[in-house]
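Take a look at the structure set out below.
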Amino acid sequence: MNDPENFDAPPETALAGNNDLAEQYAALRRLFILSLVGLLILAASFNYLILRQLVYTRKDLDVVRPQVTQLVEGYTKNEEPQIRSFINNLIGFAKANPDFAPILAKYKIVADTRPAAAPAPAVAPQAAPTQAPPATPAKKK
Amino acid sequence: MFTGKNLVPLTLVALIFFSALFSLFCVFLYMRGMGELRGLQAQAARVENSRNLLRLIAAESVEYSKRNPAIDPLLQSVGLKQGAATPKATK
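Chains A and B are the protein sequences, given in the same order.
Using this note's numbering, the letters of the first sequence correspond one by one to residues 1 to 141.
Using this note's numbering, the letters of the second sequence correspond one by one to residues 1 to 91.
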């Protein structure tokens with residue numbers, strides 16, 4: 001009806017054009033709603049998936065967190081000082097016995113140059129570090 | 001604009017919007033959890049690497065002690081060797 005081309009058209013033609021427009025509008029509306037429903041199904045599926053992953057991650061964390069905390073604390077408190085002391089002794093021994101030095105060099109163990117507060121040998125990272133992992137346990141929520 | 005049966009698309013759009021917000025929140029929590037998990041695994045791996053390195057050095061030292069027994073007191077002090085050259089596994 002608002003179409004300028006239909007101004008001079010007979011009333012029957014204009015009515016037919018209106019019906020056609022109404023049909024197209026209804027079809028478009030159905031299509032739009034169907035698309036929204038599809039999108040909603042997709043979003044719900046994604047939500048379900050991510051929620052499952054979140055639950056699994058939480059369960060893993062609940063199991064792993066205490067274990068790693070205990071492992072790191074035990075290592076830092078008990079093993080690490082002994083390891084450092086042993087390595088320092090080996091370094092001292094290598095100074096007195098140069099034929100032992102290649103063994104230390106093989107593992108890239110060198111005398112620690114850090115301040116006296118934490119005297120310990122430093123080891124190159126690729127050779128599995130003897131320096132302690134962070135003393136602080138995993139960040140807790 | 002959205003009256004009567006036009007409420008259907010509006011409702012659907014609102015549902016999708018809130019669903020997207022929920023997804024965003026879940027993804028954030030998931031990423032944070034994964035980050036923490038990776039951090040914990042890295043810590044455990046560092047400890048394990050350190051132990052492995054010590055095992056290797058200990059084994060080589062014990063092997064070396066067969067050639068030069070001067071290192072024996074040092075190995076005995078950490079329990080790697082007991083008296084008559086019996087290598088003992090490290091912790």
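The beta-carbon is built from N, C-alpha and C at its ideal position, and this holds for glycine as well.
Cα-Cα separation between residue i and residue j, rounded to whole angstroms
i, j, result
"tyrosine 30 of chain B", "glycine 38 of chain A", "25 Å"
"phenylalanine 100 of chain A", "arginine 38 of chain B", "38 Å"
"isoleucine 50 of chain A", "valine 27 of chain B", "7 Å"
"alanine 44 of chain A", "valine 78 of chain B", "60 Å"
"alanine 14 of chain B", "asparagine 49 of chain B", "52 Å"
"lysine 66 of chain B", "leucine 54 of chain A", "55 Å"
"isoleucine 91 of chain A", "glycine 74 of chain A", "25 Å"
"proline 98 of chain A", "alanine 105 of chain A", "11 Å"
"phenylalanine 18 of chain B", "valine 64 of chain A", "33 Å"
"alanine 94 of chain A", "asparagine 68 of chain B", "12 Å"
"alanine 22 of chain A", "phenylalanine 22 of chain B", "37 Å"
"glutamine 70 of chain A", "threonine 76 of chain A", "10 Å"
"proline 9 of chain B", "leucine 28 of chain A", "12 Å"
"aspartate 20 of chain A", "leucine 36 of chain A", "24 Å"
"glutamate 62 of chain A", "glycine 35 of chain B", "Per the sequence presented here, residue 62 of chain A reads as aspartate, with glutamate not at that position. The alpha-carbon atoms of aspartate 62 of chain A and glycine 35 of chain B are separated by roughly 14 Å."
"aspartate 60 of chain A", "glutamine 76 of chain B", "41 Å"
"proline 66 of chain A", "leucine 7 of chain B", "51 Å"
"arginine 58 of chain A", "glycine 33 of chain B", "7 Å"
"proline 102 of chain A", "isoleucine 87 of chain A", "14 Å"
"leucine 15 of chain A", "phenylalanine 32 of chain A", "25 Å"
"proline 81 of chain A", "glutamate 60 of chain B", "21 Å"
"alanine 72 of chain A", "leucine 53 of chain B", "The amino acid occupying residue 72 of chain A in the given sequence is valine; alanine does not appear at that position. Straight-line Cα distance between these residues: approximately 16 Å."
"phenylalanine 46 of chain A", "glutamine 24 of chain A", "33 Å"
"isoleucine 16 of chain B", "leucine 40 of chain B", "36 Å"
"leucine 42 of chain A", "arginine 52 of chain A", "15 Å"
"arginine 198 of chain A", "arginine 46 of chain B", "Absent from the structure is residue 198 of chain A, since the part of chain A shown begins at 1 and ends at 141."
Whole-Å CB distance - residue i paired with residue j, under 8 Å assumed
i, j, result
"leucine 74 of chain B", "valine 62 of chain B", "The Cβ separation is near 11 Å, so there is no contact."
"leucine 24 of chain B", "leucine 40 of chain A", "No, leucine 24 of chain B and leucine 40 of chain A are not in contact; Cβ-Cβ is about 16 Å, not under 8 Å."
"valine 68 of chain A", "alanine 44 of chain B", "5 Å"
"isoleucine 71 of chain B", "tyrosine 64 of chain B", "6 Å"
Extent of the continuous alpha helix (DSSP H) run through residue i
i, result
"glutamate 73 of chain A", "11-74"
"phenylalanine 100 of chain A", "Taken as a continuous stretch (DSSP letters only), phenylalanine 100 of chain A belongs to no alpha helix (DSSP H), as it is neither H nor E."
"lysine 66 of chain B", "7-67"
"leucine 80 of chain B", "Run containing leucine 80 of chain B: none; DSSP gives neither H nor E here."
Other residues of its chain near residue i: CB distance less than 7 Å, five sequence neighbours each side excluded
i, result
"alanine 42 of chain B", "none"
Residues near residue i by beta carbon distance below 6 Å, same chain, minus five either side
i, result
"tyrosine 56 of chain A", "none"
"glutamate 12 of chain A", "none"
"glutamate 79 of chain A", "none"
Any C-beta of chain B within less than 9 Å: which residues of the stretch 43-66 of chain A qualify? Ala43, Ala44, Phe46, Asn47, Ile50, Leu51, Gln53, Leu54, Thr57, Arg58, Asp60, Leu61, Val64 and Arg65
Check each residue of the stretch 6-30 of chain A: if its Cβ is closer than 9 Å to any Cβ of chain B, include it; give the result in chain order. Arg29
Any residues in the stretch 20-37 of chain B with a beta carbon nearer than 9 Å to a beta carbon of chain A? Which ones, in chain order? Ala20, Phe22, Ser23, Cys26, Val27, Leu29, Tyr30, Arg32, Gly33, Met34, Glu36 and Leu37
Please name the residues in the stretch 5-17 of chain B whose beta-carbon is closer than 7 Å to at least one beta-carbon of chain A, in chain order. Val8, Pro9, Leu12, Val13, Leu15 and Ile16
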